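Engineer:
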Amino acid sequence: MSTRYDVVIVGGGGAGLRAAIAVAEARPDLSIAIISKVYPMRSHTVSAEGGAAAVIRPPDTLDDHAHDTISGGDWLCDQDAVEAFVAEAPGELLRLEHWGCPWSREPDGRIAVRPFGGMRRVRTWFAADKTGFHLLHTLFQTSLRYPSIVRYDEWFVTRLLVDDGRVWGVVAIEVMSGRIDAITAESVILCTGGCGRVYPFTTNANISTGDGLALAYRAGAPLEDMEFVQYHPTGLPFTGILISEAARAEGGWLVNRDGYRYLQDYNLGRPAPGPVLRSMELGPRDRLSQAFVKEVDRGRTTDTPWGPVVHLDLRHLGAEVIEARLPFVRELCRDYEHVDPVRELIPVRPVVHYMMGGVSTDLVGATALDGLYAAGETACVSINGANRLGSNSLPELLVFGARAGAAVAEAAGRHTGPAPAVAAQARDEEHRLESDLLHREGGRERLATIREELRETMEQGVGIYRSGDSTAKAADKLYELRERCRNAAVDDHSRVFNTELVAALELSFLLDVAESIVRCASLREESRGAHQRTDFPARDDERFLAHSQIRRTGDGASTVSYRPVTITRWPPAERVYGR
Ligand SMILES: Cc1cc2nc3c(=O)[nH]c(=O)nc-3n(C[C@H](O)[C@H](O)[C@H](O)COP(=O)(O)OP(=O)(O)OC[C@H]3O[C@@H](n4cnc5c(N)ncnc54)[C@H](O)[C@@H]3O)c2cc1C
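Sequential numbering from 1 applies to the sequence shown in full-length UniProt numbering.
(1) Could you tell me whether any non-hydrogen atom of ligand 1 is closer than 7 Å to the CB of P200?
(2) For a test of your reading of the model: does the CB of K473 fall under 7 Å from any non-hydrogen atom of ligand 1? Yes or no.
(3) Determine which residues share a DSSP beta bridge with F509 and list them.
(4) Decide if S435 is buried, meaning its Cβ has at least 16 other Cβ atoms within 10 Å, or exposed.
(5) By the three-class DSSP mapping on this structure, what secondary structure does V276 have?
(6) For the 8 Å Cβ check, are there 3 or more pairs between the segment 47-61 and the segment 388-397?
(7) In this structure, what does DSSP give as the bridge partners for R528?
(8) I want to know whether the segment 33-48 touches the segment 93-102 - three or more CB-CB distances under 8 Å.
(9) Buried or exposed for L144, please, with buried defined as at least 16 other CB atoms from any protein chain shown within 10 angstroms of its CB.
(10) What is the residue span of the alpha helix (DSSP H) that V293 lies within?
(11) Using a threshold of 7 Å, is the CB atom of Y231 nearer than that to any non-hydrogen atom of ligand 1?
(12) What's the C-alpha gap between F400 and D555?
(13) Determine the direct distance from the alpha carbon of A249 to that of L277, and round the result to whole angstroms.
(14) I want to check one thing, is the minimum distance from the CB of V399 to the heavy atoms of ligand 1 below 7 Å?
(15) Ligand 1 and C101: does any heavy atom of the ligand fall closer than 7 Å to the residue's C-beta?
(16) Are there any heavy atoms of ligand 1 lying less than 7 Å away from the beta-carbon of A182, as far as the coordinates show?
(17) Name the two residues that bound the continuous alpha helix (DSSP H) containing H232.
(18) For K37, is the beta carbon positioned less than 7 Å from some heavy atom of ligand 1?
(19) Specify, as a first and last residue, the run of the alpha helix (DSSP H) that M458 falls within.
(20) Pick from A407, A409, A402, L332: whose alpha carbon is nearest that of P237?
(21) Contact check, residue 584 vs F328 under 8 Å by CB: the rounded distance?
(22) Assuming F509 and A214 are in contact, meaning their beta carbons sit under 8 Å apart, how far apart are those beta carbons, in whole angstroms?
(23) Please name the residue or residues paired with residue 585 in a DSSP beta bridge.
(24) Per the DSSP calculation, G554 is bridged to which residue(s)?
(25) If you compare alpha carbons, which of T131, R159, D163 is closest to V170?
(26) How should P275 be labelled, buried or exposed, when 16 other C-beta atoms within 10 angstroms of its C-beta is the threshold for buried?
(27) Between which residues of its own chain and A573 is the CB-CB distance below 8 Å, once the five residues before and five after are set aside?
(28) So who's on the other strand from G307, going by DSSP bridges?
(29) Could you spell out the range, first to last residue, of the beta strand (DSSP E) harbouring F156?
(30) Could you give the first and the last residue of the continuous alpha helix (DSSP H) run that contains Y373?
(31) Distance check for A182 and A423, CA to CA, integer angstroms please.
(32) Are the beta-carbon atoms belonging to M355 and G117 less than 8 Å from one another?
(33) Should D225 be listed as close to ligand 1, given that the test is whether its C-beta is under 7 Å from any heavy atom?
(34) For the beta strand (DSSP E) that contains I346, what are its first and last residues?
(35) Using DSSP bridges, identify the partner residues of P564.
(36) Since W125 sits in a beta bridge, which residues does DSSP pair it with?
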């Protein structure tokens with residue numbers, strides 16, 4: 001069976017909803033389907049805490065925001081993309097205000113902003129520390145206004161339908177019934193979010209398994225800059241739950257086992273009274289996570305059953321500030337760590353948080369495959385370069401979600417289809433799901449074991465620091481895991497809410513994403529932003545001021561090429577913080 005729409009959007013998070021609204025606004029006559037493996041309000045965007053960056057008032061300028069983003073990204077950002085991003089971000093956040101987003105206010109009624117890591121001016125808008133919740137709610141309720149938007153909630157996309165280099169839709173399973181359907185469209189926008197679950201400790205939701213990355217990769221679209229994986233310096237040690245950068249923005253300190261603010265030893269500035277935006281705890285995430293590893297090496301961290309930790313100290317902020325500005329941080333610490341930050345230190349460690357790389361797109365979200373677009377965390381435009389600055393992702397998904405939506409609306413009607421070959425592909429996929437997964441006999445491997453080994457492999461091989469040796473070992477292990485995965489059993493053969501089948505599909509996506517990260521990390525022989533090679537410790541602009549692009553050429557085979565970075569007005573320079 002197949003159903004046809006003009007536009008299919010995979011993902012009901014911030015990027016997906018923003019893109020859908022943009023299509024519906026521009027062309028009310030187009031039919032739009034949003035397919036999401038979870039109810040949209042459960043998308044990972046809901047958990048964003050700290051805020052969204054956009055220039056709001058002098059003395060801040062668009063050039064300042066652009067420069068912070070580019071320098072934070074260690075000069076790997078495409079500067080034309082960054083210029084478009086900073087110019088459109090304020091309008092997007094204001095539009096959200098008009099749609100009902102309750103931005104926190106100053107006492108005089110103006111929108112409040114807070115400092116954020118690597119941002120040298122105060123420009124992060126926030127809604128207490130539940131920014132993503134309010135942002136997603138606002139988008140969701142706005143999307144309900146448009147009758148042209150149809151939702152497929154709890155439908156899982158397993159494959160892109162491609163014919164002759166063009167994407168014509170998707171195959172998806174309705175999780176509730178097990179029904180498999182081809183949903184065809186003239187354009188598909190992937191808005192499937194990140195892939196933190198490829199690592200063992202992550203702030204990302206269980207659903208962040210990089211499905212869209214793998215779908216695009218398998219269909220032949222290149223993935224860009226996959227070696228750049230962001231660790232956030234402050235996650236809770238066991239669960240990986242994020243303690244938002246907002247906690248440091250409000251004045252929190254990071255201290256080692258001796259109670260010493262160790263960041264002053266890592267060229268990130270010195271303690272100073274008053275709001276010091278350039279330094280210390282408000283340095284960029286890559287540098288802070290790397291400083292943590294150095295503290296471990298110096299024996300200045302505290303051991304726990306989940307590895308070494310340092311502590312985040314909020315006690316000096318007082319109960320009133322914590323309650324008013326960081327209520328969610330307090331709630332998370334109490335519920336999941338049994339500590340009250342008003343009186344106690346919070347144990348933290350770096351945890352995987354964000355994927356800078358993604359499906360390679362141009363400035364309107366178009367990929368190398370005709371008919372396929374991407375936006376949000378799953379895309380690489382690229383504005384984040386080698387290291388994303390906190391609070392740039394929410395405005396990114398608004399700006400580029402809107403751009404992708406406008407672009408598909410503009411392109412609509414140029415192709416009638418789908419091509420006949422697509423129906424055969426949909427039948428193939430149904431057969432694969434039935435025989436390879438639902439009714440495969442005799443597998444002895446456990447999915448959970450493979451998943452755990454995969455995550456450990458990634459932490460060891462392509463963690464905060466990597467080397468030629470560690471990436472080679474990871475590549476060998478991935479090969480073994482891929483082989484073992486062919487033999488893994490799905491014990492649940494039923495069709496109704498078969499979550500084991502979903503887990504098997506997600507694991508196969510994770511393996512593809514892992515392969516692309518490891519391969520690109522092994523080939524980039526330099527250190528830049530979040531990619532730190534112990535065997536190549538310096539940045540090498542001569543060879544690597546370029547985006548990696550990995551393309552699938554066969555099962556387990558790929559080629560990597562490099563595309564020059566677009567430089568407009570900011571020539572490569574040293575990243576300087578805390579002076
Ligand atoms: C804990 C946390 C806090 C953060 N805080 C901030 C912050 O304060 N500021 C900031 O700028 N950024 C923050 N970020 C980053 C930011 O929230 C994310 O990058 C962003 O929300 C991603 O949005 P998205 O729309 O791209 O994807 P998501 O919100 O992750 O949505 C992905 C969607 O794709 C769907 N999907 C995925 N695979 C499939 C499939 N196979 N079939 C069907 N549907 C599928 C899902 O159902 C979901 O609807 C934070 C991230 C985390 C994890």
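Using N, Cα and C, we set each Cβ at its ideal position, and we do this for glycine too. Computed from a predicted structure; not experimentally measured.
Structural biologist: Inspection of the coordinates gives the following:
(1) Not so, every heavy atom of ligand 1 lies at least 7 Å from the Cβ.
(2) Every heavy atom of ligand 1 is 7 Å or more from the Cβ of K473, so no.
(3) Residue pairing by DSSP leaves F509 without any beta bridge partner.
(4) When all chains shown are included, S435 counts as exposed.
(5) Its pLDDT being 44, under 50, V276 is placed unreliably by the model, and the measurement read from it follows with that caveat. In this structure, V276 counts as coil in the three-state DSSP scheme.
(6) By the Cβ criterion, the segment 47-61 is in contact with the segment 388-397, since at least three pairs of Cβ atoms, one from each stretch, lie closer than 8 Å.
(7) Under DSSP, R528 forms a beta bridge with H531.
(8) These segments do not touch.
(9) By the neighbour-count rule (16 or more Cβ atoms within 10 Å), L144 is not buried but exposed.
(10) From DSSP, the alpha helix (DSSP H) with V293 extends over 285-297.
(11) No.
(12) Our two residues, F400 and D555, have alpha carbons roughly 31 Å apart in a direct line.
(13) Low per-residue confidence applies at L277: pLDDT is 45, beneath 50, and the placement is therefore not dependable, though the value from the model is reported in the following sentence. Rounded to whole angstroms, L277 to A249 spans 9 Å at the Cα level.
(14) Look at V399: its beta carbon is at least 7 Å from all of the heavy atoms in ligand 1.
(15) Answer for C101: no, Cβ out of range of ligand 1.
(16) Because no heavy atom of ligand 1 lies under 7 Å away, the Cβ of A182 does not count as near it: no.
(17) Element bounds for H232: not the alpha helix (DSSP H) but the beta strand (DSSP E), 229-235.
(18) Yes - ligand 1 has a heavy atom lying nearer than 7 Å to the Cβ of K37.
(19) Counting along the chain, the alpha helix (DSSP H) containing M458 begins and ends at 447-461.
(20) Per the Cα distances, L332.
(21) Past the boundaries of the shown model lies residue 584; the chain is included only from 1 to 579, so the question cannot be answered.
(22) The distance from the Cβ of F509 to that of A214 is about 4 Å, consistent with a contact at the 8 Å cut-off.
(23) Any answer about residue 585 is impossible in this case: the structure gives the chain only from 1 up to 579.
(24) According to DSSP, G554 bridges with A557.
(25) Selected option, being the one with the closest Cα: R159.
(26) Low per-residue confidence applies at P275: pLDDT is 46, beneath 50, and the placement is therefore not dependable enough to give any value.
(27) Answer for A573: S71, W75, listed in chain order.
(28) In DSSP, G307 forms a bridge with T304.
(29) 155-163 is the extent of the beta strand (DSSP E) around F156.
(30) Looking at the DSSP string, Y373 is not in any alpha helix (DSSP H); the run it does join, the beta strand (DSSP E), is 372-374.
(31) When rounded, the distance between both Cα atoms is 8 Å.
(32) Going by C-beta atoms, M355 is not nearer than 8 Å to G117.
(33) Short note on D225: C-beta not closer than 7 Å to any heavy atom of ligand 1.
(34) First-last of the beta strand (DSSP E) with I346: 346-355.
(35) P564 pairs with A546.
(36) Under DSSP, the beta-bridge partners assigned to W125 are A52, V113.
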